[in-house]
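Number of protein chains: 2
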Amino acid sequence: MTPIRILGIDPGLRRTGWGLISVVGAKLTYVDCGVVTSDGDLPLALRLRELHEGITRVVSGFSPDEVAVEETFVNKDAQATLKLGHARAIALLVPALAGLPVSEYAANLVKKTVCGSGHAEKVQIQAMVKFLMPKAEFKTADAADALAIAVTHANHRGAHALKKLHAPVAGVSGLAAARIAAALAKG
Amino acid sequence: MTPIRILGIDPGLRRTGWGLISVVGAKLTYVDCGVVTSDGDLPLALRLRELHEGITRVVSGFSPDEVAVEETFVNKDAQATLKLGHARAIALLVPALAGLPVSEYAANLVKKTVCGSGHAEKVQIQAMVKFLMPKAEFKTADAADALAIAVTHANHRGAHALKKLHAPVAGVSGLAAARIAAALAKG
Numbered sequence: 001m002t003p004i005r006i007l008g009i010d011p012g013l014r015r016t017g018w019g020l021i022s023v024v025g026a027k028l029t030y031v032d033c034g035v036v037t038s039d040g041d042l043p044l045a046l047r048l049r050e051l052h053e054g055i056t057r058v059v060s061g062f063s064p065d066e067v068a069v070e071e072t073f074v075n076k077d078a079q080a081t082l083k084l085g086h087a088r089a090i091a092l093l094v095p096a097l098a099g100l101p102v103s104e105y106a107a108n109l110v111k112k113t114v115c116g117s118g119h120a121e122k123v124q125i126q127a128m129v130k131f132l133m134p135k136a137e138f139k140t141a142d143a144a145d146a147l148a149i150a151v152t153h154a155n156h157r158g159a160h161a162l163k164k165l166h167a168p169v170a171g172v173s174g175l176a177a178a179r180i181a182a183a184l185a186k187g
Numbered sequence: 001m002t003p004i005r006i007l008g009i010d011p012g013l014r015r016t017g018w019g020l021i022s023v024v025g026a027k028l029t030y031v032d033c034g035v036v037t038s039d040g041d042l043p044l045a046l047r048l049r050e051l052h053e054g055i056t057r058v059v060s061g062f063s064p065d066e067v068a069v070e071e072t073f074v075n076k077d078a079q080a081t082l083k084l085g086h087a088r089a090i091a092l093l094v095p096a097l098a099g100l101p102v103s104e105y106a107a108n109l110v111k112k113t114v115c116g117s118g119h120a121e122k123v124q125i126q127a128m129v130k131f132l133m134p135k136a137e138f139k140t141a142d143a144a145d146a147l148a149i150a151v152t153h154a155n156h157r158g159a160h161a162l163k164k165l166h167a168p169v170a171g172v173s174g175l176a177a178a179r180i181a182a183a184l185a186k187g
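Sequence lines, in order, name chains A and V. Under UniProt numbering, the residue at position 126 of the first sequence is numbered 126, and the numbers go up by one with no gaps. Under UniProt numbering, the residue at position 107 of the second sequence is numbered 107, and the numbers go up by one with no gaps.
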């Protein structure tokens, strides 16, 4: 089976997290992750250009097959929502310009897929990402979130279903699968 | 004096208006205007790509020297604010990628500059744009708004001040200047 490379993106104007995984069947392998930042002292147009350049570097450097972007959580702070919308537009645009399919996932679906609960804390997401892909090395919550988004897409694309995470499947050792099942049951 | 070409952009996810004017001193000349649309049936990433392609065509086709983009009006509908933010990011990004200076203007400053009142109606803006540049031909309010944004930038860039619109100046005939002054006084 040919591996599918999935790029997850967690957009933010100041910090946009990205995480790349490789998927063969149900086996998830960590490839790389990081954060693209923009300088808060620059005008908005230049900040968006920085994000565009950074995400373009990631997309052309790693040549993902599919891209998944987190949907913006619309909160009461309209200005914050607007800023996120600006960053998110760039995260959607760059892979679309490269002709890649882009999927969008709500934050609570990402949490539910990875942790079993739509209300999981950031630290739980990080623990589960590390758990699913022990080689994953992330320095920031944004990068871990981006990996979680990629994992979510791996489980929802095509015939893949959420329950795959619950059952012992190829590529996840029996112990890990059992621990995942236990963690999900608790969640 | 070398003419300065100013591109005004009124961003919107469904329709992004654009208007190009040429400025020599205080003389404003209409060049062209139009609307870039995106197909509401497409996924968001592809809609943003459509806007990107359309605005890129305008920027590369007309080679403006400076670009002005309307600031998003943050209203109570957070989802609508978010959509506008997505479109606006593309309107800011494209000229920034082309290395052009991008200025941002609040909607009420545009209204105040062009009509003399921050609460002017769309039809007043259209009338004043037509008044300032009789050759302007716009089919939509979005294109007229974009021209108004370009006019606003023409009046606020460098040493240009709002009062220029009030006084009879080179490039605006005495009658027009007087009528503008009268309209502003009423506003």
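Idealized CB from N, CA, C, for every residue including glycine. In this text, all values refer to a predicted model and were calculated from it rather than measured experimentally.
Within the stretch 75-94 of chain A, those residues whose Cβ lies closer than 7 angstroms to any Cβ of chain V are, in chain order, Ala78, Gln79, Thr81, Leu82, Gly85, His86, Arg88, Ala89, Ile90, Leu92, Leu93.
Residue state for Thr81/A is assigned as helix, using DSSP reduced to three classes. Residues are counted here when their Cβ sits less than 8 angstroms from a Cβ of chain V; for the stretch 98-124 of chain A these are Val102, Glu104, given in chain order. Annotation for Met128/V: Val114, Cys115 place their beta carbon closer than 6 angstroms to its own, counting only its chain and skipping 5 residues before and after. Residues are counted here when their Cβ sits less than 7 angstroms from a Cβ of chain A; for the stretch 45-64 of chain V these are Ala45, Leu46, Leu48, Arg49, His52, given in chain order. In the same chain as Met1/A, and ignoring 5 residues on each side of it, the C-beta atoms closer than 8 angstroms to its own belong to Val24, Gly25, in chain order. Chain order gives no chain V residues near Ala68/A, where near means a beta carbon separation below 7 angstroms; the closest approach is about 11 angstroms.
Between Pro3/V and the set Arg47/V, Val31/V, Phe73/V, the nearest pair of CA atoms involves Val31/V. Residue contact with chain A for Thr16/V: absent (no Cβ-Cβ distance below 8 angstroms to any residue of chain A). A distance below 6 angstroms between beta-carbons, with the five flanking residues on each side excluded, links Thr140/V to the following residues of its chain, in chain order: Val35.
Residue state for Lys112/A is assigned as helix, using DSSP reduced to three classes. The beta carbon of Leu84/V is closer than 6 angstroms to those of Thr72 in its chain, skipping five residues each way along the sequence. Residues of the same chain with a CB within less than 6 angstroms of the CB of Asp145/V, apart from the 5 flanking positions on each side, are Asp10, Gly17 in chain order. About 15 angstroms separates the beta carbons of Ile6/A and Ile55/A, which is beyond the 8 angstroms limit, so they are not a contact pair.
Within the stretch 3-30 of chain V, no residue has a Cβ lying closer than 7 angstroms to any Cβ of chain A. When rounded, the separation of the alpha-carbon atoms in Asp39/V and Leu92/A is 16 angstroms.
Thr72/A has a beta carbon lying within less than 8 angstroms of a beta carbon in chain V.
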